[in-house]
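*Asks:* I'd like to ask some things about the structure below.
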Amino acid sequence: MRCTQVSTSKSVESELRSKLFKIVDEIFKLRSSKRKFVPGRDMVRYSGSIYDQEEVKSMFNAILDGWFGVGKYVLNFESEFAKLIGVKKAVMSNSGSSANLLAIAAFFSPSLENEKRLKAGDEVITPALTFPTTLNPILQYNLVPVFIDIDLGTYNVNPELIEQAISDKTRVIFIPHTLGNPNDMDYIMNVAKEYNLLVIEDACDALGSKYDNKFVGTFGNFGTFSFYPAHQITTGEGGMIVTNDEKLAFIVQSLRDWGRACVMPVCNPLYCGDKECPKSAAYDKKNKIKELPEDYDKRYTYINIGYNLKPIEVQAAMGIIQIKKLLFFCEKRKQHFKILYDELKKYEDYFILPKWLPKSDPCWFSFPLTIQPKAPFKRKDLVEWLVKHNIEVKMLFSGNILKHPAYKHISYHIASSLKNADYAMYNSFFIGIYPGLAEEEFAYVIDVIKRFVEEHKK
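When you line the sequence shown up against the working numbering, it's residues 1 to 458, in that order.
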């Protein structure tokens, strides 16, 4: 009798969900009758979330399933993500910044052998032009950042500066793939191998970018990604850390989940019934901890000093659909990048245009421009002109991050002149190329820039 009632209840709920999804379809059908772009009136955004009814339906399913912590949607998303970019393990977090924190924290884990662990005072080579949460974990774990300069145009580290920054205390190279533009991974990985250094790739801007036909984020010990709305795919907020090292993956999961010994998701009663999960709750005789009672639950045994950096199921439910669209999103970004590049190439006397390596295939985050030293105008003038014409503009992250108030009193070394990071701070910016922009918006942006340049040439 009870089975019949459960079956009937599920059938009714399934029918009600179908009705809900039809309403969602109607809402997006209504939205699809897009208002025509009006130049000068409508804002040309630098980025934004691109999603449709499929993501919303997936999120509704997660909400209605009634389990919000890490569960089947997160595990599915992690699996699909790892499969797509070609790594053994992917661990979802609540942001890309948290993924960076987990990457550094993992190398302090007592689960690692002493000679493999980082310690306070070890040095990390990283660029001065960066994002704060690439640098912050280095500082938070009392490591010493060793800053090197970037190349104007690529906005990545000048690879030849890496080797001269190495000392007997150097343990890590931590490099962002700035604005989706891949670093010279041949050079970096060769140096890392020669000097036995760890490599962390901050690919938060660079999901879908490739170097030598291989996705960035998959070369080093760790790669990190962000799903903030401005990035190549979004889960609202969210991030991912990837690795080919099973032990490191386990440590990251533990750190993300309070530092506990069991990294399995808590069982959802809707799917597991009333029974305890035998794998998580059972005492592990093989890894006995003598200080704890023999019957102690592994879910409440702590082997790392961890955090709560977990995502929720609703985010992953969105990610499962978004990841299927990644290659399409990347193609649109590349097309939009080419439109701007081809049109602005005629103004190379005034702008340093973006550059990329021969082996690189970037999935661009945005379109960077730097004012040439001899240009008859300043960045401030052009930015004010663009903003006046409703074109959104962003600075190139930190410029030289050492110029910012938060970093005035940190301990660090400088291994090279930082003249390019300084120059970018005063002369670089970026504009949007995300898939939500239409061709008429690019025509408008190009016309606005052209009018500005022509006026200042006189």
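Backbone N, C-alpha and C fix where the C-beta goes; we use that ideal spot for every residue, glycine too.
Keep in mind the model is a prediction, meaning the values are calculated, not measured.
Look at the alpha carbon of Ala106 and the alpha carbon of Pro358, and state the distance between them as a whole number of angstroms.
*Replies:* Translated into the one-based positions of the sequence shown, residue 106 becomes position 106. Translated into the one-based positions of the sequence shown, residue 358 becomes position 358. Taking the straight line from one Cα to the other gives about 33 Å.
*Asks:* How is Ile63 classed by DSSP in three states: helix, strand or coil?
*Replies:* Within the sequence shown, the letter at position 63 stands for residue 63. DSSP places Ile63 in helix when its eight states are reduced to three.
*Asks:* Please report the straight-line C-alpha distance between Glu291 and Ser111, rounded to a whole angstrom.
*Replies:* Residue numbering aside, residue 291 sits at position 291 when the sequence shown is read from its first letter. Residue numbering aside, residue 111 sits at position 111 when the sequence shown is read from its first letter. Going by the C-alpha atoms only, they are around 17 Å apart.
*Asks:* In three-state DSSP terms, what is Pro127?
*Replies:* As a first step, residue 127 must be located in the sequence shown, where it is residue number 127. Strand.
*Asks:* With DSSP as the reference, label Val263 as helix, strand or coil.
*Replies:* The count along the sequence shown starts at 1 and reaches residue 263 at position 263. Coil, per DSSP.
*Asks:* Where do the N-terminal and C-terminal ends of the alpha helix (DSSP H) with Glu441 fall, by residue?
*Replies:* For this step, residue 441 is matched to residue 441 along the sequence shown. Where Glu441 is concerned, the enclosing alpha helix (DSSP H) stretches over Glu439 to Lys457.
*Asks:* Can you look up Pro145 in the DSSP assignment and give me helix, strand or coil?
*Replies:* For the purposes of this step, residue 145 is taken as the residue at position 145 of the sequence shown. Looking at Pro145 - three-state DSSP - the assignment turns out to be strand.
*Asks:* What is the DSSP secondary structure of Glu201, counted as helix, strand or coil?
*Replies:* Taking the first residue of the sequence shown as 1, we reach residue 201 at position 201. Strand.
*Asks:* Counting Cβ pairs closer than 8 Å, one from the stretch 246-259 and one from the stretch 126-141, do we hit at least three?
*Replies:* Result no; under three Cβ-Cβ pairs closer than 8 Å.
*Asks:* So, for Ala206: in the same chain, excluding its five sequence neighbours on each side, which residues have a beta-carbon less than 6 Å away from its beta-carbon?
*Replies:* Taking the first residue of the sequence shown as 1, we reach residue 206 at position 206. Within the same chain, His177, Gly180 and Val216 come within 6 Å of Ala206 by CB-CB distance, once the 5 residues on both sides are set aside.
*Asks:* Are there 16 or more other CB atoms within 10 angstroms of the CB of Tyr444, so buried, or fewer, so exposed?
*Replies:* Against the sequence shown, residue 444 aligns to sequence position 444. Buried is the call here.
*Asks:* Threshold first: 4 residues or longer. Then list the alpha helix (DSSP H) segments lying entirely within the stretch 153-231, N to C.
*Replies:* 160-164 and 185-195
*Asks:* Does the Cβ-Cβ distance between Ile371 and Asn308 come in under 8 Å?
*Replies:* Residue mapping note: residue 371 aligns to position 371 of the sequence shown, counting from 1. Residue mapping note: residue 308 aligns to position 308 of the sequence shown, counting from 1. One thing to note: Ile371 has its Cβ no nearer than 8 Å to the Cβ of Asn308.
*Asks:* Applying the criterion that 16 or more other CB atoms from any shown protein chain within 10 Å of the CB defines a buried residue, is Gly273 buried or exposed?
*Replies:* On the sequence shown, position 273 is the one that residue 273 refers to. Any answer about Gly273 is weak, because its pLDDT of 46 lies below 50 and its placement is not dependable; what the coordinates show is given next. An exposed status is given to Gly273, since fewer than 16 other beta-carbon atoms sit within 10 Å of its beta-carbon.
*Asks:* At what residues does the alpha helix (DSSP H) containing Val387 begin and finish?
*Replies:* As a position in the sequence shown, residue 387 is number 387, starting the count at 1. Unbroken alpha helix (DSSP H) run through Val387: Arg379 to Lys388.
*Asks:* Between which two residues does the beta strand (DSSP E) harbouring Gly239 extend?
*Replies:* If you number the sequence shown from 1, residue 239 lands on position 239. Gly239 -> beta strand (DSSP E) spans Gly239 to Thr243.
*Asks:* Per DSSP, what kind of secondary structure is Ala90 in: helix, strand or coil?
*Replies:* As a working mapping, residue 90 is identified with position 90 in the sequence shown. Strand at Ala90.
*Asks:* Between the stretch 387-395 and the stretch 91-108, do three or more beta carbon pairs fall short of 8 Å?
*Replies:* no
*Asks:* With DSSP as the reference, label Lys332 as helix, strand or coil.
*Replies:* Your numbering for residue 332 matches position 332 in the sequence shown. Three-state DSSP puts Lys332 in a helix.
*Asks:* Between Val242 and Ile200, which are expected to be in contact by the criterion C-beta below 8 Å, what is the C-beta distance as a whole number of angstroms?
*Replies:* Here the question's residue 242 lines up with position 242 in the sequence shown. Here the question's residue 200 lines up with position 200 in the sequence shown. With 8 Å as the limit, Val242 and Ile200 do not qualify as a contact, their Cβ atoms being about 11 Å apart.
*Asks:* When the Cα atoms are used, what is the spatial distance from Ser417 to Val146?
*Replies:* Here residue 417 refers to the residue found at position 417 when the sequence shown is read from its first residue. Here residue 146 refers to the residue found at position 146 when the sequence shown is read from its first residue. If you take the alpha carbons of Ser417 and Val146, they lie about 12 Å apart.
*Asks:* In this structure, how does DSSP classify Tyr271 when only helix, strand and coil are distinguished?
*Replies:* Within the sequence shown, the letter at position 271 stands for residue 271. Below a pLDDT of 50, predicted positions are generally treated as unreliable, and Tyr271, at 42, falls in that range; no measurement from the model is reported.
*Asks:* Could you tell me whether the Cβ atoms of Thr460 and Gly319 are closer together than 8 Å?
*Replies:* The chain is shown only over 1 to 458; residue 460 falls outside these bounds and no answer can be derived.
*Asks:* Applying the 10 Å Cβ sphere with the 16-neighbour rule, what's the burial state of Leu270?
*Replies:* Position 270 of the sequence shown, counted from the first residue, corresponds to residue 270. Note that Leu270 scores a pLDDT of 43, beneath 50, so its modelled location is shaky and nothing firm can be said.
*Asks:* Whose C-alpha, out of Thr301, Lys89, Lys83 and Thr170, is nearest the C-alpha of Gly121?
*Replies:* Residue mapping note: residue 121 aligns to position 121 of the sequence shown, counting from 1. Checked all of Thr301, Lys89, Lys83 and Thr170; the closest Cα to Gly121 is Thr170.
*Asks:* Asp257 by DSSP, collapsed to three states: which one?
*Replies:* One-based indexing of the sequence shown puts residue 257 at position 257. Residue state, collapsed to three classes: strand.
*Asks:* Rounding to the nearest angstrom, what Cα-Cα distance links Ala230 and Lys36 in this structure?
*Replies:* One-based indexing of the sequence shown puts residue 230 at position 230. One-based indexing of the sequence shown puts residue 36 at position 36. Their backbone Cα atoms lie some 23 Å apart in a straight line.
*Asks:* Determine the DSSP secondary structure at Tyr412, reduced to helix, strand or coil.
*Replies:* As a first step, residue 412 is located in the sequence shown; it is residue number 412 there, counting from the start. Coil.
*Asks:* Ends of the beta strand (DSSP E) at Thr370?
*Replies:* Numbered from 1 along the sequence shown, position 370 holds the residue referred to as residue 370. Taken as a continuous stretch (DSSP letters only), the beta strand (DSSP E) holding Thr370 covers Phe367 to Ile371.
*Asks:* DSSP on Val38, reduced to helix/strand/coil?
*Replies:* To locate residue 38, count along the sequence shown from 1; it is residue 38. The answer is coil: DSSP assigns Val38 none of H, G, I, E or B.
*Asks:* Give the straight-line distance between the Cα atoms of Lys419 and Glu160, rounded to the nearest whole angstrom.
*Replies:* As a first step, residue 419 must be located in the sequence shown, where it is residue number 419. As a first step, residue 160 must be located in the sequence shown, where it is residue number 160. Answer to the nearest angstrom: the Cα atoms are 15 Å apart.
*Asks:* Taking buried to mean at least 16 other C-beta atoms within 10 Å of its own C-beta, is Asn196 buried or exposed?
*Replies:* Numbered from 1 along the sequence shown, position 196 holds the residue referred to as residue 196. That one is exposed.
*Asks:* Taking buried to mean at least 16 other C-beta atoms within 10 Å of its own C-beta, is Lys457 buried or exposed?
*Replies:* Here the question's residue 457 lines up with position 457 in the sequence shown. The residue is exposed, with fewer than 16 neighbouring Cβ atoms inside 10 Å.
*Asks:* Counting along the chain, where does the alpha helix (DSSP H) carrying Glu68 start and finish?
*Replies:* The residue given as residue 68 occupies position 68 in the sequence shown. Looking at the sequence provided, one finds Phe at residue 68 rather than Glu. Run containing Phe68: none; DSSP gives neither H nor E here.
*Asks:* When we look at the beta-carbon of Lys302 and count the other beta-carbons within 10 Å, is it buried (16 or more) or exposed?
*Replies:* As a working mapping, residue 302 is identified with position 302 in the sequence shown. Looking at the sequence provided, one finds Tyr at residue 302 rather than Lys. Exposed, by the Cβ-count rule.
*Asks:* Excluding sequence positions up to five away, which residues of its chain have a Cβ less than 7 Å from the Cβ of Ile251?
*Replies:* Here the question's residue 251 lines up with position 251 in the sequence shown. So the qualifying residues of the chain are Ala106, Ser109, Ser111 and Asn304.
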